[in-house]
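Asker: Residue numbers (the UniProt record's numbering): 1 to 129.
Every residue, glycine too, gets a C-beta built ideally from N, C-alpha and C.
To start, I am sharing the structure in question, which I have written as structure tokens.
Structure follows, in structure tokens:
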């Protein structure tokens, strides 16, 4: 089920939520802003529900918190060693996110930034799941 909220994401658009439910009764709710995991309910054998995710009380709080609660995607998966990688025959340097000069998915400032920020290339095609 897809729902639109009245809360606005950092880009000024309403958050969209998708709730998925399987035959066993487990539900997961995801927001379209960065595929943020909002909630999960897992039914247990005794009929009770387990809520295994840490999250925020309100949608707007996900953009304000610094722990990246609910974050499931970044600019890239895993880490970039030495904060550089080859692309189309050129070496691209990205901002390191730690003292070991490794760049992780969120970098130092997280994902709330414009395209091209943190030295990431801007004119590349990417795909989503």
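1) Does the separation of the CB atoms of residue 53 and residue 40 fall below 8 Å?
2) Please state whether DSSP places residue 48 in a helix, a strand or coil.
3) Does DSSP put residue 40 in a helix, a strand or coil?
4) Would you grab the beta carbon distance between residue 10 and residue 63 for me? Rounded to a whole angstrom, and I think it's under 8 Å.
5) Tell me which residue opens and which closes the beta strand (DSSP E) that residue 90 is part of.
6) Per DSSP, what kind of secondary structure is residue 8 in: helix, strand or coil?
7) Would you report the Cα separation of residue 24 and residue 67, rounded to the nearest angstrom?
Answerer: With the given structure in hand:
1) Against the chain shown, residue 53 aligns to sequence position 53. Against the chain shown, residue 40 aligns to sequence position 40. Their beta carbons are under 8 Å apart, which means residue 53 touches residue 40 by this criterion.
2) Indexing the chain shown from 1 puts residue 48 at position 48. Here residue 48 sits in coil by DSSP.
3) Residue 40 sits at position 40 when you count from the first residue of the chain shown. In the structure shown, residue 40 sits in a strand (DSSP, three-state: E or B).
4) Looking up residue 10 in the chain shown gives position 10. Looking up residue 63 in the chain shown gives position 63. Indeed, because the Cβ distance is near 5 Å, the residues count as touching under 8 Å.
5) For the purposes of this step, residue 90 is taken as the residue at position 90 of the chain shown. Unbroken beta strand (DSSP E) run through residue 90: 90-93.
6) Here residue 8 refers to the residue found at position 8 of the chain shown. Strand, per DSSP.
7) Residue mapping note: residue 24 aligns to position 24 of the chain shown, counting from 1. Residue mapping note: residue 67 aligns to position 67 of the chain shown, counting from 1. If you take the alpha carbons of residue 24 and residue 67, they lie about 31 Å apart.
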